[in-house]
Amino acid sequence: MLQQTRIAAVLPYYDRFLAALPTVHALAAAPQEQVLSLWSGLGYYSRARNLQRAAQEIVANHKGKFPRDLEAALALPGIGRYTAAAVLSIAYDAPFAVLDGNVARVLARLFAVHGDLREPARWRRLGEAAQNLLAQSPAGDWNQAVMELGETVCTPQTPRCATCPVSQFCRARALRLTNEIPAPRRKRAPVKIKIAAAIFRDPRGRTILLRDPGAHDHVLFSRMWQFPAVEVRRDPAAELAKHLQDELGPVAASLILEPLRPAKHTVTFRNITLLPYLARVSRLPKSVRIRVLPLDRLHQLPVSSATRKLAASVLSQ
DNA sequence: AATCCGGGGAC
DNA sequence: GTCCCAGGATT
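In structure tokens:
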């Protein structure tokens, strides 16, 4: 959960996840839909799929215990250098240094490393530097201490050098380069997209969700349950109406699409304007690919945050 | 080596 | 608004 995600954002998910699936055996045996529902809203959903696959491999091949061997850990889906080092050092006191965004920033300032830290050759050197510093024991405590130093003291903006325990060794500070190091991560230019979505509602307050309706909006909805939706350009209502007929058939022919308040959503480099349309119907469309459920019970299914925002636009009006 | 994948909290 | 997060997989 912590991969590229702040601790504060993870905590409530972590608590709910462990309460529902407290053991590796429970996780391995759970329906994938339950795992994804527990992850719903946290993002990077391949992590959830990989975590469950890893649990299944651990049960099948490692007697239900996370492997102590580095190579075996790296062979698990979703376990890379960082996570393997973190788990093995914290759980088993194995002598592997972690390198994450926090550690990289601390080391880059300590040694005044210029350039993009994520560039593979530079990242590898930083990993070697981290390993060379790992003379302390227990290794897990050392690793967590360096990460926490980065999180709380050696922060990206306005680091708290006055309270830093290693400021006297810091080359970036000596050179007055703490604001220039590390170099900012280069990012892809943002792209603007408009997505129109139809939120059906029957007299009992129920709606429909689909899965895998088309390739174009997978990015936004993460291949999970979603409202019928389509990317639109000039005439959102008309383009959505056409899409609904293609998706759902003639049942969608004479719908009245009532525009609701647009919402903003960002997925990596895409700036998305969500255009919700309420479709009041006496009877919901039926199909094997359709799930019917109350509009205020979306958390029962795996959905992305975009789907939650769309539902909220109806519930708030 | 590049690119992709979510979401939100801090500033 | 901007930045970046206890990264990993895929191409």
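First residue of the first sequence? That's 343 in our numbering, and the numbers climb one at a time after it.
Idealized CB from N, CA, C, for every residue including glycine.
Handout entry: Separation of GLN394 from VAL366, as counted between CA atoms
Key = Locating residue 366 in the first sequence gives position 24, counting from the first residue. Locating residue 394 in the first sequence gives position 52, counting from the first residue. For VAL366 and GLN394, the distance between alpha carbons rounds to 9 Å.
Practice task
Can you grab the Cα-Cα spacing for the pair LEU416 / GLY443, in whole Å?
Solution key: Taking the first residue of the first sequence as 1, we reach residue 416 at position 74. Taking the first residue of the first sequence as 1, we reach residue 443 at position 101. Answer to the nearest angstrom: the Cα atoms are 19 Å apart.
Handout entry: Bridge partner(s) assigned by DSSP for ASN521
Key = As a first step, residue 521 is located in the first sequence; it is residue number 179 there, counting from the start. None; ASN521 has no bridge partner.
Practice task
Give the DSSP-derived three-state secondary structure of THR497 in the structure shown.
Solution key: Taking the first residue of the first sequence as 1, we reach residue 497 at position 155. Residue state, collapsed to three classes: coil.
Problem - Straight-line gap, GLN398 to LEU449 (C-alpha atoms, nearest Å) - result: The residue labelled residue 398 in the question sits at position 56 within the first sequence. The residue labelled residue 449 in the question sits at position 107 within the first sequence. When rounded, the distance between both Cα atoms is 36 Å.
Practice task
Count the other C-beta atoms from every protein chain shown that fall within 10 angstroms of the C-beta of ILE523, then say buried if there are 16 or more, exposed otherwise.
Solution key: As a working note, residue 523 is residue 181 in the first sequence. Result: buried.
Practice task
Indicate whether the contact test is met: 3 or more Cβ pairs, each with one atom in the segment 375-388 and one in the segment 632-648, closer than 8 Å.
Solution key: yes
Practice task
Using three-state DSSP, classify ARG650 as helix, strand or coil.
Solution key: Counting from 1 along the first sequence, the entry for residue 650 is found at position 308. If DSSP states are grouped into helix, strand and coil, ARG650 belongs with the helices.
Problem - Whole-angstrom distance between PRO601 and PRO592, CA atom to CA atom - result: Reading the first sequence from its first residue, position 250 is the one you call residue 592. Reading the first sequence from its first residue, position 259 is the one you call residue 601. One C-alpha to the other measures close to 21 Å.
Exercise for the section: Take THR615 and list the residues in its own chain whose beta-carbon comes closer than 6 Å to its own, dropping the five residues that flank it on each side. Expected result: Along the first sequence, one-based indexing puts residue 615 at 273. Correct list, in chain order: LYS536 and PRO604.
Practice task
May I have the straight-line CA-CA distance separating GLU375 from GLU573, to the nearest angstrom?
Solution key: For the purposes of this step, residue 375 is identified with residue 33 of the first sequence, where counting begins at 1. For the purposes of this step, residue 573 is identified with residue 231 of the first sequence, where counting begins at 1. Whole-angstrom Cα-Cα distance: 26 Å.
Handout entry: Counterpart residues of ARG548 in DSSP-defined beta bridges
Key = In the first sequence, the residue the question calls residue 548 occupies position 206. BP columns for ARG548 point to PRO636.
Exercise for the section: Tell me whether the beta-carbon of ALA426 lies closer than 7 Å to the beta-carbon of VAL440. Expected result: Here residue 426 is taken as the residue at index 84 of the first sequence, counted from 1. Here residue 440 is taken as the residue at index 98 of the first sequence, counted from 1. No, Cβ-Cβ distance for ALA426 and VAL440 is not below 7 Å.
Exercise for the section: Could you pull the start and end residues of the alpha helix (DSSP H) that VAL429 belongs to? Expected result: Mapped onto the first sequence, residue 429 falls at position 87. That run of the alpha helix (DSSP H) goes 423-434.
Exercise for the section: Measure the CB-CB distance between ALA621 and PHE542 and report whether it falls below 7 Å. Expected result: Here residue 621 refers to the residue found at position 279 when the first sequence is read from its first residue. Here residue 542 refers to the residue found at position 200 when the first sequence is read from its first residue. Contact flag set, yes.
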